[in-house]
Every structure is written in C-alpha cells, then in structure tokens.
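Beneath this line is the structure, given in structure tokens, with notes to follow.
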Amino acid sequence: MDLSRAAAIANANVPDGFFVSVESAKEITHGWYFPYLYNGPPAAGSKGMIIDKADGSVHKLGSAFTLERDLAAFDQGFRFGAAYLVVHKVGDLTGAVNELLKVRITEAVPEFAHGVEWRIPKPLTSKDIEARLRALPAKFGPISVYFSVESLQ
1 MDLSRAAAIA NANVPDGFFV SVESAKEITH GWYFPYLYNG PPAAGSKGMI
51 IDKADGSVHK LGSAFTLERD LAAFDQGFRF GAAYLVVHKV GDLTGAVNEL
101 LKVRITEAVP EFAHGVEWRI PKPLTSKDIE ARLRALPAKF GPISVYFSVE
151 SLQ
C-alpha cells in the first residue's frame, strides 16, 4: 500500500481533535505510522496509529511504551487488539506455566450476586494454567496483546 492510500485511511480514522499529515508519516516494513498531531496540549494515549500495508487495517497505539518498541513489535507480527492464545504443544510444562504467568492472563467467570451477573476479570493462577496445558489445545484469553508483547516474544 502506498503512502497516499494509507494517509486516506488514517485521516478517516483519526480521533476528534487530532489530525495526521503525509509529511509526518514514517514507513516501517509492514505499515505506515502516523503520529497524531493536535492544536493544543497532547492527550494521554495519543501516540498515533499504524496502517497495515497488507490490508489497510488500523492499529491505534497507546502511550504505555516507547514508539520504537511499538513499531518493532508491529514489524515482528504483533497486532495490538485483543486475541486468544492457543497452545498446541508443550515441551516443558513448568517452563510453559512460568512464561504464561508473565502474560498476566485474566478470565472473567460469571458470578451471580444480588440479582446481577458480575464478570470481574481475575488472574489465572499457576494451577489454572497447568490444568489447561495438560489438556491440549489450551485456549487462553482474550488477552491484551499490546501489554504482553515482551512476554510473548
């Protein structure tokens, strides 16, 4: 995808109060990065977006990590929405459990109290993870990929 097409997609997806420009775009291997530009003080979480060269999908960036980290992760194949993690094979059960604990996987199990269904996310314990890994394939998630890149590499 060329820059002009990516810019059109970016402009159609920019949040209110912001704008993007072709001049500020940066090409990376698998996308075009557009920083958000604004006419006032910057807003939290306003780092910009990446337009995927392959399919034109929009990937908005947070501000919790450096731009360099986010661009490198995108080029490594990470996409920053929520996703399920499916494990098909385990060589070292203890090692796999320890690595998955770093991802900080949560699960919202429905609970009923006072006539209301509550879905409060709770972290999976090592025992929860181990039990799932003993019955493959094991499905976890959805997880926030943006906050788990380093643990998933």
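Each residue of the sequence shown is one higher than the one before, counting from 1 in the working numbering.
C-beta: ideal position from N, C-alpha, C; glycine also.
Residues bridged to residue i [DSSP beta-bridge criterion]
i: residue 133; result: DSSP lists no partner for residue 133.
i: residue 49; result: 34, 60
i: residue 54; result: Note: residue 54 sits in no beta bridge, so no partner.
i: residue 125; result: Paired residue(s): none; residue 125 is not in a bridge.
i: residue 139; result: 86
Residues near residue i by beta carbon distance below 6 Å, same chain, minus five either side
i: residue 50; result: 31, 33, 59, 74
i: residue 18; result: 36, 38
Other residues of its chain near residue i: CB distance less than 8 Å, five sequence neighbours each side excluded
i: residue 142; result: 82, 83, 84
Distance, residue j Cα to residue i Cα
i: residue 140; j: residue 147; result: 15 Å
i: residue 126; j: residue 36; result: 40 Å
i: residue 118; j: residue 1; result: 44 Å
i: residue 120; j: residue 110; result: 8 Å
Beta-carbon spacing of residue i, residue j below 7 Å
i: residue 219; j: residue 14; result: Residue 219 lies beyond the range of the chain shown here (1 to 153); nothing can be said about it.
i: residue 124; j: residue 107; result: yes
i: residue 28; j: residue 71; result: yes
**OP:** Ignoring anything shorter than 3 residues or poking outside the region 9-33, list the beta strand (DSSP E) runs there in chain order.
**Re:** Look at the region 9-33 and you find these whole runs of beta strand (DSSP E), each 3 residues long or longer: 26-28.
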